[in-house]
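Participant: Supplied in structure tokens, the structure appears directly below.
There are 2 protein chains.
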Amino acid sequence: MGIEGLAERLAEGVVVGDPGVVASYSRDQTFVVPGEALGVVLARSTEDVAVTLAWADENRVPVVPRGAGTGLAGGATATDGSVVLSLARMNAIRELNTADQYAVVEPGVINADLDRAARAHGLMYAPDPSSHEISTLGGNLATNAGGLRCVKYGVTRESVLGLEVVLAGGKVINTGGRTVKGVTGYDLTGLFVGSEGTLGVITGATLRLRPAPSAEPVTVAGTFPSMVAAGEAVAAVVAAGIEPSLLELVDRATLLAIDDWKNIGVEDDTAAMLIGQVDVAEPREPAARMAALFEAAGATAVAVSEDRAESDELLGIRRMAYHASERLGHCLVEDVCVPRSKVPEMIARIEKAASGHDVTVLTVAHAGDGNLHPLFVFDRGESEVPAPVWAAADEIFQGALDLGGTLTGEHGVGVLKRRWLGLELGDDRLAVQHAIKAALDPNGILNPGKAI
Amino acid sequence: MGIEGLAERLAEGVVVGDPGVVASYSRDQTFVVPGEALGVVLARSTEDVAVTLAWADENRVPVVPRGAGTGLAGGATATDGSVVLSLARMNAIRELNTADQYAVVEPGVINADLDRAARAHGLMYAPDPSSHEISTLGGNLATNAGGLRCVKYGVTRESVLGLEVVLAGGKVINTGGRTVKGVTGYDLTGLFVGSEGTLGVITGATLRLRPAPSAEPVTVAGTFPSMVAAGEAVAAVVAAGIEPSLLELVDRATLLAIDDWKNIGVEDDTAAMLIGQVDVAEPREPAARMAALFEAAGATAVAVSEDRAESDELLGIRRMAYHASERLGHCLVEDVCVPRSKVPEMIARIEKAASGHDVTVLTVAHAGDGNLHPLFVFDRGESEVPAPVWAAADEIFQGALDLGGTLTGEHGVGVLKRRWLGLELGDDRLAVQHAIKAALDPNGILNPGKAI
Numbered sequence: 001m002g003i004e005g006l007a008e009r010l011a012e013g014v015v016v017g018d019p020g021v022v023a024s025y026s027r028d029q030t031f032v033v034p035g036e037a038l039g040v041v042l043a044r045s046t047e048d049v050a051v052t053l054a055w056a057d058e059n060r061v062p063v064v065p066r067g068a069g070t071g072l073a074g075g076a077t078a079t080d081g082s083v084v085l086s087l088a089r090m091n092a093i094r095e096l097n098t099a100d101q102y103a104v105v106e107p108g109v110i111n112a113d114l115d116r117a118a119r120a121h122g123l124m125y126a127p128d129p130s131s132h133e134i135s136t137l138g139g140n141l142a143t144n145a146g147g148l149r150c151v152k153y154g155v156t157r158e159s160v161l162g163l164e165v166v167l168a169g170g171k172v173i174n175t176g177g178r179t180v181k182g183v184t185g186y187d188l189t190g191l192f193v194g195s196e197g198t199l200g201v202i203t204g205a206t207l208r209l210r211p212a213p214s215a216e217p218v219t220v221a222g223t224f225p226s227m228v229a230a231g232e233a234v235a236a237v238v239a240a241g242i243e244p245s246l247l248e249l250v251d252r253a254t255l256l257a258i259d260d261w262k263n264i265g266v267e268d269d270t271a272a273m274l275i276g277q278v279d280v281a282e283p284r285e286p287a288a289r290m291a292a293l294f295e296a297a298g299a300t301a302v303a304v305s306e307d308r309a310e311s312d313e314l315l316g317i318r319r320m321a322y323h324a325s326e327r328l329g330h331c332l333v334e335d336v337c338v339p340r341s342k343v344p345e346m347i348a349r350i351e352k353a354a355s356g357h358d359v360t361v362l363t364v365a366h367a368g369d370g371n372l373h374p375l376f377v378f379d380r381g382e383s384e385v386p387a388p389v390w391a392a393a394d395e396i397f398q399g400a401l402d403l404g405g406t407l408t409g410e411h412g413v414g415v416l417k418r419r420w421l422g423l424e425l426g427d428d429r430l431a432v433q434h435a436i437k438a439a440l441d442p443n444g445i446l447n448p449g450k451a452i
Numbered sequence: 001m002g003i004e005g006l007a008e009r010l011a012e013g014v015v016v017g018d019p020g021v022v023a024s025y026s027r028d029q030t031f032v033v034p035g036e037a038l039g040v041v042l043a044r045s046t047e048d049v050a051v052t053l054a055w056a057d058e059n060r061v062p063v064v065p066r067g068a069g070t071g072l073a074g075g076a077t078a079t080d081g082s083v084v085l086s087l088a089r090m091n092a093i094r095e096l097n098t099a100d101q102y103a104v105v106e107p108g109v110i111n112a113d114l115d116r117a118a119r120a121h122g123l124m125y126a127p128d129p130s131s132h133e134i135s136t137l138g139g140n141l142a143t144n145a146g147g148l149r150c151v152k153y154g155v156t157r158e159s160v161l162g163l164e165v166v167l168a169g170g171k172v173i174n175t176g177g178r179t180v181k182g183v184t185g186y187d188l189t190g191l192f193v194g195s196e197g198t199l200g201v202i203t204g205a206t207l208r209l210r211p212a213p214s215a216e217p218v219t220v221a222g223t224f225p226s227m228v229a230a231g232e233a234v235a236a237v238v239a240a241g242i243e244p245s246l247l248e249l250v251d252r253a254t255l256l257a258i259d260d261w262k263n264i265g266v267e268d269d270t271a272a273m274l275i276g277q278v279d280v281a282e283p284r285e286p287a288a289r290m291a292a293l294f295e296a297a298g299a300t301a302v303a304v305s306e307d308r309a310e311s312d313e314l315l316g317i318r319r320m321a322y323h324a325s326e327r328l329g330h331c332l333v334e335d336v337c338v339p340r341s342k343v344p345e346m347i348a349r350i351e352k353a354a355s356g357h358d359v360t361v362l363t364v365a366h367a368g369d370g371n372l373h374p375l376f377v378f379d380r381g382e383s384e385v386p387a388p389v390w391a392a393a394d395e396i397f398q399g400a401l402d403l404g405g406t407l408t409g410e411h412g413v414g415v416l417k418r419r420w421l422g423l424e425l426g427d428d429r430l431a432v433q434h435a436i437k438a439a440l441d442p443n444g445i446l447n448p449g450k451a452i
């Protein structure tokens, strides 16, 4: 099967077969070796997507949708004989409604671009995955991406009012609407969000905007002599009802990696750093309470900053984590999530798994959500993730499930986590997912082999 | 088909065939004339539900699940030859986890009972439909119920972490988990919530609790000379980022009905009343800002109350609306939802439809959400909803859709709104819903004729 038939149905330049271009659109940020795709569709419109899916369905050609390729689970990895469908060129903000606080966007809009457009009107787009400067909203929707602020504002799903979706056969439907409430029919919006392009291709979204904080947020950073102490601080903040707009944990290994790069200075007795932020109208009082709770939990040093530059510097430590780790070698980023009170125990299990299999692991966490990112570092000479890393990951996944948690809090299943899926979901729950997949994509053309 | 076969599989007393009892379990709070059910199952356990669904699936007997029967769309109305499955006896709070702020409940727990249990630990259960003192959490989940507080805390879905669901054939699955984030597999939790018992029967739920407000909420009530002025006040409050924990609108007709009952006193120039509440840690300042915005929008009188008794009195006006209307005759309560800025225009359309068809309509609204409840009053002598009322409702639904809104914000489709479903969803979107229904309930035994 070639893609000439598809190229005939689309404008010139929309379908690209050049092997170099195809290869560059076949990977995301993981170490999954892609298959050989037939070509890439650089869609410019919903109509282009509809034509592509109709052709693919007729000809039983797998379609791999993608945004910017920043995924961390292999969800956008090309498979053999597939067509890669890039939504990156569909990057218009179709409407920004300030009175009703929503935006209608195309899937290729960069997350931070929407946030900036909203802030020009005193609004914000809350979901902020770490990749927000480079990832697309379509990719965020496909994975139900989280981020730092979701401890207060919820994950991507909670900012989606409605979607425009192209179904496997090429039909276009709308889900949800423009209202903040609505229960007409089943929640298709929630079903498509996080489905990693396996049920339909999102070509438009109505996203909820919120008033931007009226005051400069206050940042509180503390260093702790043990993970348990940091975990207690997290629990105390949550219990006190402070509602931080972010609450991030960085472990000693990560701090040392950052120190090695940027000389931030790490004391001998520092096991972890906790960085919180409060963005309410009057943030000083709750920030002071948070600082006091850090101290009560045993923090060795606490800094409170009302100044944007200083706040950015404190938060920068957290944001540098991934790049600092990459200086050490190749990285596999994991994404377990546990009930918040289990964070210290989960960290203990991560450390045990790492030392048991003699692998290097650095951990950062969206601690207020119980969402941990153990980051495995391995030799740059390796072309695949080494077996001991998978063995350690296996132990960590099992540990997360033992503690009432989940394999993935915000990155998605992609191809990387499919082997553990049955462990979490069990046969009957997985069967329901496959029944839904078969109902919506009977010929199995939509991103086969991913998500479920 | 009789129910003897089912009775044999369950303990004595679980299956009830007495016609009087069956009749009392065959209606909800609407005027839908029920069919003749075979009997009622008073389930005590997930196992009872599983046995019932397995038997019903084998024998192709429709099952109509129900909680307390407080529904306003006919979703729990018995159909001919069905078995009514009551979950009301399954009313245990299985776990209340204060550290991780969730509760594991059975479906028969009354909404307000969970909230009270949570408040004993400084927590709250946020979703509060007006029926919260009598409706069950299972019914709330089946309809994705809203309430007053969802302007700040979201609808029921946003407080659900996971579910236990019995599928059509009797298999039991769990969805979601105990974490606040998780993207393993499709969002089945969201799919079952709001599906009105047509995809599975919810036998357990893990619900998110939140810290209860640390301070006494402050209530602001204002009277307005026009709906437009009240609508402008709502828009101003939302735009200012005040985040009220409720923002309710009561129209003049409703105020007069309440006055007729309780002598609250309604000035000649009062077209509407707006009642807002702020429940943050330091509520005085935002409440004062809200009061100022009410005044700036043209309020003729504004009361601010920090006192619980006085606050309850102000809110009581809103809570009396339904009962005050019932004194005037039978009521049909509608539930349209529009983008917030369209509330004044929607109210104008409601008034036009009512006068055009010469029917009495009273309107209250969760104004901060754009969710309006036009309440049609008709003669107590009628045994069915009169044709002019349906004609007016038809105009109102069409108006809501014209304004970018939806048929139902929080009550569900049930049987009452099915005739308008195609108007909102269109054929292709409805076809997706039916495909999902067929995948999960191939024999069509689960609450047939409802929701989609």
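Which chain is which? The protein sequence lines are A and B, in order.
UniProt numbering applies: residue 1 is where the first sequence begins, and numbers increase by one.
UniProt numbering applies: residue 1 is where the second sequence begins, and numbers increase by one.
In this text, a Cβ means the ideal position worked out from N, Cα and C, and glycines have one as well.
Only a predicted model underlies this, so the values are computations on that prediction, with no experimental measurement involved.
(1) Looking only at its own chain, which residues have a Cβ that is under 8 Å from the Cβ of residue 350 of chain A, when we skip the five neighbours before and after it?
(2) Give me the subset of the stretch 152–168 of chain A whose CB atoms are less than 8 Å from a CB atom of chain B, sorted by chain position.
(3) Closer than 7 Å, Cβ to any Cβ of chain B: which residues of the stretch 330–349 of chain A, in chain order?
(4) Looking at C-alpha atoms only, which residue of B:72, B:394 and B:122 is the closest neighbour of residue 129 of chain B?
(5) When the Cα atoms are used, what is the spatial distance from residue 104 of chain A to residue 207 of chain A?
(6) Span of the alpha helix (DSSP H) holding residue 398 of chain A?
(7) Please list the residues of the stretch 373–386 of chain A that have a C-beta atom closer than 8 Å to any C-beta atom in chain B, keeping them in chain order.
(8) Give the residues from the stretch 99–119 of chain A that approach chain B closer than 9 Å (Cβ to any Cβ), ordered along the chain.
(9) Can you tell which of B:430, B:445, B:410 and B:405 has its C-alpha closest to the C-alpha of residue 468 of chain B?
(10) DSSP three-state label for residue 65 of chain A, please.
(11) So, with DSSP's three-state summary, where would you put residue 174 of chain B?
(12) Tell me whether residue 25 of chain B sits in a helix, a strand or coil according to DSSP, three-state version.
(13) In the DSSP output, what is residue 211 of chain B paired with across the bridge?
(14) With DSSP run on the structure shown, which of helix, strand or coil describes residue 277 of chain B?
(15) How about the stretch 228–242 of chain A and the stretch 271–289 of chain A: do they share at least three Cβ pairs that are nearer than 8 Å?
(16) Report the residue from A:182, A:78 and A:444 whose alpha carbon sits nearest the alpha carbon of residue 366 of chain B.
(17) Would you mind sorting residue 323 of chain A into buried or exposed? The rule is 16 or more other CB atoms within 10 Å of its CB.
(18) With a cut-off of 9 Å, does the C-beta of residue 388 of chain B fall near any C-beta of chain A?
(19) Would the stretch 329–339 of chain B count as touching the stretch 253–261 of chain B if we require 3 or more Cβ pairs under 8 Å?
(20) Going along the chain, which residues of the stretch 399–431 of chain A sit with their C-beta nearer than 8 Å to a C-beta in chain B?
(21) Strictly below 7 Å CB to CB, what residues from chain A border residue 171 of chain B?
(22) With distance defined between alpha-carbon atoms, name the residue in A:221, A:146 and A:421 nearest to residue 310 of chain A.
(23) Using the three-state DSSP reduction, which class does residue 230 of chain B fall into: helix, strand or coil?
(24) Taking the alpha-carbon positions, what's the residue 19 of chain A to residue 36 of chain A distance?
(25) Indicate the three-state DSSP secondary structure (helix, strand or coil) for residue 132 of chain B in the structure shown.
(26) Taking 6 Å as the limit between beta carbons, can you name the residues of its chain near residue 353 of chain A, skipping five residues before and five after?
(27) Return helix, strand or coil for residue 144 of chain B, following the three-state DSSP convention.
(28) Which term fits residue 426 of chain A, buried or exposed, when burial requires 16 or more other beta carbons within 10 angstroms of its beta carbon?
(29) Straight-line CA distance for residue 281 of chain B to residue 261 of chain B?
(30) Output the residue ranges of the beta strand (DSSP E) runs that lie fully inside the stretch 281–305 of chain B and measure 3 residues or longer, sorted by chain position.
(31) In whole angstroms, what is the alpha-carbon distance linking residue 24 of chain B and residue 382 of chain B?
(32) Can you tell me whether residue 378 of chain B is helix, strand or coil according to DSSP?
(33) Taking just the CA atoms, how far does residue 4 of chain A sit from residue 459 of chain B?
(34) Whose Cβ in chain A lies nearer than 7 Å to the Cβ of residue 207 of chain B?
(35) Ordered along the chain, which non-local residues of its own chain (more than five positions away) have a Cβ less than 8 Å from that of residue 325 of chain B?
(36) So residue 252 of chain B packs on residue 193 of chain B, CB below 8 Å; how close in whole Å?
Facilitator: This is what the structure holds:
(1) 361, 363, 372, 374, 396 and 399
(2) 154, 155, 157, 158 and 167
(3) 337, 338, 339, 340 and 341
(4) B:72
(5) 6 Å
(6) Note, residue 398 of chain A: alpha helix (DSSP H), 387–402.
(7) none
(8) 99, 100, 101 and 102
(9) No information on residue 468 of chain B is available, as it lies outside the stretch 1 to 452 that chain B covers here.
(10) Strand, per DSSP.
(11) strand
(12) coil
(13) B:123
(14) Strand.
(15) yes
(16) A:182
(17) So residue 323 of chain A ends up on the exposed side.
(18) No, its Cβ sits nowhere closer than 9 Å to a Cβ of chain A.
(19) Contact between the stretch 329–339 of chain B and the stretch 253–261 of chain B is absent, with fewer than three C-beta pairs closer than 8 Å.
(20) 404, 405, 406, 407, 408, 409, 410, 411, 412, 413, 417, 421, 424, 425, 426, 428, 429 and 430
(21) 428
(22) A:221
(23) Residue 230 of chain B falls in the helix class under three-state DSSP.
(24) If you draw a straight line from the Cα of residue 19 of chain A to the Cα of residue 36 of chain A, it is about 9 Å long.
(25) coil
(26) 392, 395 and 396
(27) Coil, per DSSP.
(28) exposed
(29) Taking the straight line from one Cα to the other gives about 36 Å.
(30) 301–305
(31) 20 Å
(32) Judged by DSSP in its simplified three-state form, residue 378 of chain B adopts strand.
(33) Residue numbering for chain B in the displayed model covers 1 to 452; residue 459 of chain B lies beyond these limits and cannot be assessed.
(34) Within chain A, no residue comes near residue 207 of chain B; the closest Cβ sits about 14 Å away, beyond 7 Å.
(35) 254, 257, 331, 362, 375 and 377
(36) So it is not a contact: roughly 36 Å between Cβ atoms.
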